[in-house]
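A.B. asks: Dumping the structure here so I can ask a few things about it.
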Amino acid sequence: MATAIERFDERARRTFESLGRTVVYVGELRRHPVYTRFLHWMVALFFFLALFSGFGIYLPWLFRWFTPIFGGGPLARALHPWFGIFFVFFFGLQILNWLKPMMWTPADTNWMRNLRGIVSGKEKLEPPDTGFFNAGQKLQFWEIVVGCIVFLITGIILWAGARTFGSALVAISYVLHDISAIVMLGGIFVHIYLSTIGEPGTFQAMTRGAVSEPWAWTFHPAWYREVTGRDPRASYEKAREETERAVKQRPSES
Amino acid sequence: MSDRKTLQIQRMSAHPGPIPGTGMQRDVQVCKLVDTTTCIGCKACEVACVEWNDMPFGATTFDNTYQTMPETRWNFWNLIKFNEHPREDGTVQWLMRKDQCMHCADPGCLAACPADGAIVQYTNGIVDFNQENCIGCEYCVSGCPFDIPKFNPGTKKVYKCTLCSDRVGEGLEPACIKACPTGCLKFGTKDDMKFIAEERAKQLRDNFGMEKAGVYDPESISGTHVIYVLHDATDPERYGGLPRNPTIPWSYTVWKWLFKPVLGAFALFGGLGVLLHYVTVGPRRPQPEPPQKEGTNGNGD
Chain A
697 MATAIERFDE
707 RARRTFESLG
717 RTVVYVGELR
727 RHPVYTRFLH
737 WMVALFFFLA
747 LFSGFGIYLP
757 WLFRWFTPIF
767 GGGPLARALH
777 PWFGIFFVFF
787 FGLQILNWLK
797 PMMWTPADTN
807 WMRNLRGIVS
817 GKEKLEPPDT
827 GFFNAGQKLQ
837 FWEIVVGCIV
847 FLITGIILWA
857 GARTFGSALV
867 AISYVLHDIS
877 AIVMLGGIFV
887 HIYLSTIGEP
897 GTFQAMTRGA
907 VSEPWAWTFH
917 PAWYREVTGR
927 DPRASYEKAR
937 EETERAVKQR
947 PSES
Chain B
414 MSDRKTLQIQ
424 RMSAHPGPIP
434 GTGMQRDVQV
444 CKLVDTTTCI
454 GCKACEVACV
464 EWNDMPFGAT
474 TFDNTYQTMP
484 ETRWNFWNLI
494 KFNEHPREDG
504 TVQWLMRKDQ
514 CMHCADPGCL
524 AACPADGAIV
534 QYTNGIVDFN
544 QENCIGCEYC
554 VSGCPFDIPK
564 FNPGTKKVYK
574 CTLCSDRVGE
584 GLEPACIKAC
594 PTGCLKFGTK
604 DDMKFIAEER
614 AKQLRDNFGM
624 EKAGVYDPES
634 ISGTHVIYVL
644 HDATDPERYG
654 GLPRNPTIPW
664 SYTVWKWLFK
674 PVLGAFALFG
684 GLGVLLHYVT
694 VGPRRPQPEP
704 PQKEGTNGNG
714 D
């Protein structure tokens, strides 16, 4: 089973690599292949389409704001389940694609204990055993996995309606569907923030697919060690010395 | 026209603001009284409903009863339900109940509806669907304790009995009332109908030996604008689809009007949180950053 998934992923990655390209300049590392980036942006597109078409139906106060975006209430209602289906479909592929790097490790447990230091900005460098994904990313990933399952099951129940599944089941699904959306809505702010202005240099990982080496040894040191064979801490110290020397050589600044 | 005031809207589904024009006039509550003890199952009301509402007569279903079809349809709003209830002595009690929208004082369909103005309750108590505002989500179906709203896949809208709001608005009685030959259907103000119903139930108890006779006007949804006189008010379930204590699912009451906005706002705090993080703690940059200037520190003070 596991090997079948790997073969499927491998083939998909090869196919997409021939369709697009990932340019890695000197001083950079390849982060995400074309296939991963394609899936990510498909998931993002349908997430927001589903989110905004759902907003109008979510709250009466939002109905007049959000349903006109999709051509009115009936069309928003008709499109929302399809947006959701595509969202779950593409994220399902992403689950297969990321199953291995998203597995929880003891390093992640340590990372979570250290969360306060990272959020407060006191820890400039991630713990040295932080791999391709850190524990925060993994947590969000698995939250979306659970959320997708909830969305899919409750969504089908709401789609078919009370005539098929009964009033009680629809009433429960209505609440669970909302909770899943609320959690994901809260999470999307953190996700967008950390991938753009919160940690500069991250966004290009999902656009061009490559990141700078300082980014890698700062945020994912164990991954840096894995792909370069160099010690992230030593690389950092070397770069720091070079920076300090360069600053000292600028007489006007001192 | 003086009767137009009966179409003053009292409640509106998913409408965030005040209801236009409320509290301007005092209106009577209308009510339909169905006396199941004098219904003979002639189905004149079914025909009158179909005729007045200009609906085609669809195929009927025979399932070894006199019932026209198993349940109401999107274009068949009035159905006499024939129920055979075995008595303790082995005989059968044949119960006929006119099934249609109950026009609840607390309508579950209206509470469930997410579309602004798709379901309204007039001040005279009639609950009406405005199909032009309906988005076809069918939440009303799950909100209704009586399983009344029916979805039309062709138009993707939901339909149900209007209590002939078009007739009532013009001062006429509903079509089913007009067609009833036995007088088992009556129409008037809620107070009058409740009085007549209670008197009839008392008559049944005192003179006809039906000790359990009573009126069905469930308190759990603040009463209905269609009330029944039942042979046995302690067991309305035997009439087929008449719950003893009809309720609205809490997902359409507490959840929708309290937790949804509160928790939704909490989710938006995620956005506020990251904004505050950016302006206080600041971003985390790839290291090393250039050395800091003298007299500043990394905490930004």
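Heads up: the protein sequence lines correspond to chains A and B, in order.
Residue numbers for the first sequence follow this note's numbering, beginning at 697 and rising by one.
Residue numbers for the second sequence follow this note's numbering, beginning at 414 and rising by one.
Glycine included, C-beta positions come from ideal geometry on N, C-alpha and C.
1. Do E713(A) and V730(A) come within 8 Å of each other at the CB atom, strictly closer than that value?
2. Could you spell out where the alpha helix (DSSP H) holding E612(B) opens and where it closes?
3. Keeping to the same chain, check which residues put their C-beta closer than 6 Å to that of N488(B); ignore five residues upstream and five downstream.
4. Counting only beta-carbon atoms, is D519(B) nearer than 8 Å to chain A?
5. Between the region 668 to 684 of chain B and the region 530 to 550 of chain B, do at least 3 Cβ pairs fall closer than 8 Å?
6. On a Cα-Cα basis, can you pick out the residue from F470(B), V581(B), T450(B), C458(B) that is closest to Q506(B)?
7. Within 8 Å (strictly less), CB to CB, does A700(A) reach chain B?
8. Are the Cβ atoms of A626(B) and L617(B) separated by less than 8 Å?
9. Tell me which residue opens and which closes the beta strand (DSSP E) that Y572(B) is part of.
10. Spell out whether any CB of chain B is found under 8 Å from the CB atom of K820(A).
11. Is it right to say K570(B) is buried, meaning 16 or more other beta carbons lie within 10 angstroms of its own, or is it exposed?
12. Name the one or two DSSP bridge partners that R726(A) has.
13. In chain order, which beta strand (DSSP E) runs of at least 3 residues are fully inside the region 527 to 608 of chain B?
14. What is the rounded straight-line gap between the Cα of F951(A) and the Cα of D804(A)?
15. Can you find the residues in the same chain that come closer than 6 Å, C-beta to C-beta, to E702(A), ignoring five residues on each side of it along the sequence?
16. Our contact map puts N537(B) next to V443(B) with C-beta atoms below 8 Å; I'd like the distance itself, whole angstroms only.
17. Are the C-beta atoms of L492(B) and some chain A residue less than 8 Å apart?
18. In chain A, which residues lie less than 8 Å from G564(B) when you measure between Cβ atoms?
19. Using DSSP with H/G/I as helix, E/B as strand and the rest coil, what is N496(B)?
20. With a threshold of 6 Å on Cβ separation, who are the neighbours of M414(B) within its own chain once the five nearest residues in sequence on each side are excluded?
21. How many angstroms separate the CA atom of A427(B) from the CA atom of P756(A)?
22. Kindly list the residues whose CB is nearer than 6 Å to the CB of W420(B), restricted to its own chain and excluding five residues on each side of it in sequence; keep chain order.
23. In chain order, what residues of the same chain have a beta carbon less than 8 Å from the beta carbon of S950(A), not counting five sequence neighbours either side?
24. Determine the extent of the alpha helix (DSSP H) in which C522(B) is found, giving its start and end residues.
25. Can you look up Y870(A) in the DSSP assignment and give me helix, strand or coil?
26. So K944(A) is in the alpha helix (DSSP H); what residue range does that whole segment cover?
27. Does DSSP classify C455(B) as helix, strand or coil?
28. Contact defined as beta carbons within less than 8 Å: I believe P703(B) pairs with T939(A). What is the distance between those atoms, to the nearest angstrom?
29. Give the residues from the region 566 to 592 of chain B that approach chain A closer than 8 Å (Cβ to any Cβ), ordered along the chain.
30. For a test of the three-state rule: what should DSSP assign to W507(B), helix, strand or coil?
C.D. replies: Reading off the structure:
1. yes
2. 603 to 620
3. M468
4. no
5. no
6. T450(B)
7. no
8. yes
9. 570 to 572
10. yes
11. That one is buried.
12. A906(A)
13. 532 to 535, 540 to 542, 563 to 565, 570 to 572, 598 to 602
14. Limits of chain A in this structure are 697 at one end and 950 at the other, which puts residue 951(A) out of reach.
15. none
16. 5 Å
17. Output row for L492(B): interface = no.
18. The residue asked about is misnamed: residue 564(B) is Phe in this sequence, not Gly. Those are G857, R859, listed as they occur along chain A.
19. Reduced to three states, the DSSP call for N496(B) is strand.
20. For M414(B), the predicted structure reports a pLDDT of 36, less than 50, and the residue's modelled location is therefore unreliable. A value from the coordinates is still provided. Excluding sequence neighbours, M414(B) sits near nothing in its chain.
21. Spanning the alpha carbons of A427(B) and P756(A) requires a straight line of approximately 5 Å.
22. It is worth fixing the name first, because residue 420(B) is Leu in this sequence and not Trp. Excluding sequence neighbours, L420(B) sits near Y535, G582.
23. Since pLDDT at S950(A) reaches only 47, below the 50 mark, its modelled position is unreliable, and the value read off the structure follows with that caveat. Taken in chain order, the residues that qualify are K944.
24. 521 to 525
25. helix
26. 928 to 944
27. coil
28. 6 Å
29. If you check each beta-carbon in the region 566 to 592 of chain B against every beta-carbon of chain A, the ones closer than 8 Å belong to K569.
30. strand
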